[in-house]
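Reviewing the structure listed below.
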Amino acid sequence: MNLNSPRDITAALRAAEIGPKKRWGQNFLVDGNVRRAIVALVDRRQDDRLWEVGPGLGALTELLLAAGPVTAFEIDWGLIAYLRTAFATDPLTIVAGDAVQTLREAAHTEGAPDVVVGNLPYRSAAPILSALFELSRPPRRIVATVQKEMADRLVAPVGTRQYSAFTVAAAAVYRVHRPFDVRPACFYPVPEVVSSVVVMDQRLDPVCAHHRALFRQVKDSLFAGRRKTVLNNLKGRSDLGVRDADHARSLLETAGITPSDRAERVGVEAFGRLTEALAASRGAPS
Ligand code: SAM
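See below:
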């Protein structure tokens, strides 16, 4: 099949008795230049374990397989059946199910991936990326195609409207950049939104590597009420070991955070310092 041809794709879907499903974000890449440009960002090294999330009909898979084995995570049984036939002689392993769960399970049972690639379904992109960030050994590189607004959040500078808990989760582990956007016309069916390709490279100095679970809780608690000050968000968190408002204020000051600021003005390193201060005050490893 010509994977750049909407007509061939429609015919293949019809033959497999499957249609493009909106709920699973099935907008297939049909532009050969974009497919090649994404795969060129992968930077696969010898013996790297490479995973693809949401292979669809194989637009990226076909090119990725040219450089070695691929483990692909797909939710749609119709597409899985198609891929098993189309790539029967290739070193392709398919993990069926919702990648938000199966990624974690596979990392546990088979070992974490070095590189992950995916033209991600719009609705599940955030939980899929979060699952990757939270692996005990996060991938060295992630190359993800996401909705442009999500890319804006991933690269948002501190102090901007798009800067969010998701930005901080990514920035604690990765240096994120956005090499290019992808026009709706490069997909079939044509989506209503512009997409962006983002590349995330693991930091050599990840933030709070020894207290990752506590870091996530602290970050989420400070963003819980976006319009509230960080002091007000933190002071009631006895579940995290914050005793009262004075304790919260002293933790924030130790971390160099102004208690009257909102979370969107707190940089990722400061979230790290706050987590360290809290961990030290609890006196026990988290
Ligand atoms: N990689 C193909 C391409 O570029 O043409 C397809 C990309 S399409 C945007 C998203 C793919 O992710 C679809 O194949 C869809 O079935 C799959 N998908 C959606 N939700 C998923 C989930 N929770 N877990 C695994 N795969 C999922």
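With the sequence shown counted from 1, adding 3 to any position gets you our numbering.
The C-beta atom is built at its ideal place from N, Cα and C for all residues, glycine as well.
Three-way DSSP call (helix, strand, coil) for residue i in this model
i: GLY121; result: strand
i: ARG48; result: coil
i: PHE90; result: coil
i: LEU95; result: strand
i: THR148; result: strand
i: SER167; result: coil
i: THR316; result: Outside the shown range of the chain (4 to 289) lies residue 316, about which nothing can therefore be said.
i: PRO130; result: helix
i: SER263; result: coil
i: SER139; result: coil
i: ILE21; result: coil
i: ALA280; result: helix
i: PRO116; result: coil
i: GLY290; result: Since the first and last residues shown for the chain are 4 and 289, residue 290 lies out of range.
i: ALA110; result: helix
i: ALA159; result: coil
i: ALA273; result: helix
i: LEU255; result: helix
i: LEU16; result: helix
i: MET153; result: helix
Contacting residues, own chain, Cβ-Cβ under 6 angstroms from residue i (five flanking each side not counted)
i: LEU6; result: ALA62
i: LEU291; result: Any property of residue 291 remains undetermined from this structure, which presents the chain solely from 4 to 289.
i: PRO9; result: VAL33 and TYR191
i: ALA109; result: VAL98
i: LEU132; result: none
i: PHE218; result: CYS211 and THR278
i: LEU15; result: In the sequence on display, residue 15 carries Ala and not Leu. Contacts found: MET4.
i: ARG143; result: ASP117 and GLN205
i: VAL271; result: VAL171, ALA174, ALA175 and VAL210
Same chain, Cβ closer than 7 angstroms to residue i, neighbours up to 5 away in sequence not counted
i: ARG52; result: GLY114, PRO116 and ASP117
i: ARG47; result: LEU53, ALA70, GLY71 and VAL118
i: VAL176; result: PHE136, PRO141, GLN205, ARG206 and PRO209
i: SER224; result: ASN236, LEU237, ARG240 and LEU243
i: VAL149; result: LEU123, ALA128, SER198, SER199 and VAL201
i: GLY162; result: GLU267 and ARG268
i: LYS151; result: ASP184, VAL196, VAL197, SER198 and SER199
i: VAL103; result: SER127, PRO130, ILE131 and ALA134
i: THR42; result: A small correction: the amino acid at residue 42 is Val; Thr does not occupy that position in the sequence shown. Contacts found: LEU63, LEU66 and LEU67.
Neighbourhood of residue i by C-beta, 8 angstroms cutoff - its chain only, sequence neighbours within 5 removed
i: THR105; result: PHE76, VAL98 and ALA99
i: ALA287; result: Note that ALA287 scores 45 on pLDDT, short of 50, meaning its location in the model is unreliable and no value can be drawn from it.
i: LEU86; result: PRO58, LEU60, GLY61, THR64, ALA75, GLU77, LEU95 and ILE97
i: ARG20; result: Note that residue 20 is Glu in the sequence shown here, rather than Arg. GLY81, listed in sequence order.
i: SER284; result: GLY244, HIS250 and LEU254
i: ALA89; result: MET4, LEU60 and GLY61
i: ARG39; result: LEU66
i: ALA273; result: ALA258, GLY259 and ILE260
i: ILE12; result: MET4, LEU6, PHE31, VAL33, LEU60 and TYR191
Whole-angstrom C-beta distance between residue j and residue i, which should lie under 8 angstroms
i: GLY228; j: ASN236; result: 5 angstroms
i: LEU234; j: SER263; result: 7 angstroms
i: GLY275; j: VAL210; result: 4 angstroms
i: ARG181; j: ALA154; result: 5 angstroms
i: ILE260; j: LEU277; result: 6 angstroms
i: ARG126; j: GLY28; result: 6 angstroms
i: LEU68; j: ASP93; result: 5 angstroms
i: ALA168; j: LYS222; result: 5 angstroms
heavy atom of the ligand GDP below 7 angstroms from residue i C-beta
i: ALA173; result: The ligand content of the structure shown is limited to the ligand SAM, which means the ligand GDP is not among them.
(request) Entirely within the region 173-253 and at least 3 residues each: give me those beta strand (DSSP E) ranges in chain order. (result) Listed in chain order, the complete beta strand (DSSP E) runs (minimum 3 residues) inside the region 173-253 are 177-185 and 198-205.
(request) Would you list, in sequence order, the uninterrupted beta strand (DSSP E) runs of no fewer than 3 residues that lie entirely inside the region 30-81? (result) Within the region 30-81, the complete beta strand (DSSP E) segments at least 3 residues long are 53-56 and 73-77, listed from N- to C-terminus.
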